[in-house]
Amino acid sequence: RRKKEEKTCDDASKKGSAKNRSKGNSKASRKPDQKQQEALLTRIEDAETRMKEIDETLCTPGFYADTPADDVRELERERAHLERDVAEWTTEWERAEETASR
240 RRKKEEKTCD DASKKGSAKN RSKGNSKASR KPDQKQQEAL LTRIEDAETR
290 MKEIDETLCT PGFYADTPAD DVRELERERA HLERDVAEWT TEWERAEETA
340 SR
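For the sequence shown, the numbering used here assigns the number 240 to the initial residue and increments by one for each residue that follows.
Okay, here's the thing in structure tokens:
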């Protein structure tokens, strides 16, 4: 468990955020179909925020020793689900950005 805890803590600091992906989009340059892109970006940002909260919880000293195994597994499952969602939504957002720039 200790290695997994350390890995999660290290990984949390290395991840990029959706905010970095959104740079360069001024309100003046937005097109009507960008509402969908903005909605995706919001979902990505919300999921990344929750993932960071989970990472901070998992990195709390003594968390694994003091928390029931079922609760730990539930948080790990939630984080894995969010990570898959973020990857999917990011790909979708990048495709939309690519299409919009053509």
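Just so you know, even glycine gets a beta-carbon here, dropped at the ideal spot from N, CA and C.
What is the residue span of the alpha helix (DSSP H) that residue i lies within?
{"i": "Asp-310", "result": "308–339"}
{"i": "Asp-305", "result": "302–305"}
{"i": "Thr-299", "result": "First-last for Thr-299: undefined, no H or E at that position."}
Out of the options, which has the shortest C-alpha to C-alpha gap to residue i?
{"i": "Ala-326", "options": "Pro-300, Glu-287 and Asp-310", "result": "Glu-287"}
{"i": "Leu-297", "options": "Arg-316, Arg-282 and Thr-281", "result": "Arg-316"}
{"i": "Asp-294", "options": "Thr-330, Arg-318, Tyr-303 and Glu-331", "result": "Arg-318"}
{"i": "Met-357", "options": "Glu-322, Thr-329, Arg-341 and Asp-309", "result": "In this structure the chain extends from 240 to 341, so residue 357 is not present and cannot be described."}
{"i": "Leu-280", "options": "Ser-340, Thr-330 and Asp-305", "result": "Thr-330"}
{"i": "Cys-248", "options": "Glu-292, Asp-305 and Ile-283", "result": "Glu-292"}
Round the Cβ separation of residue i and residue j to the nearest angstrom and send it over; I've been treating them as touching at under 8 Å.
{"i": "Ala-339", "j": "Asp-285", "result": "Not quite, the Cβ-Cβ distance comes to about 22 Å (not below 8 Å), so this is no contact."}
Do the stretch 325–340 and the stretch 272–280 touch if we need at least three Cβ pairs shorter than 8 Å? yes
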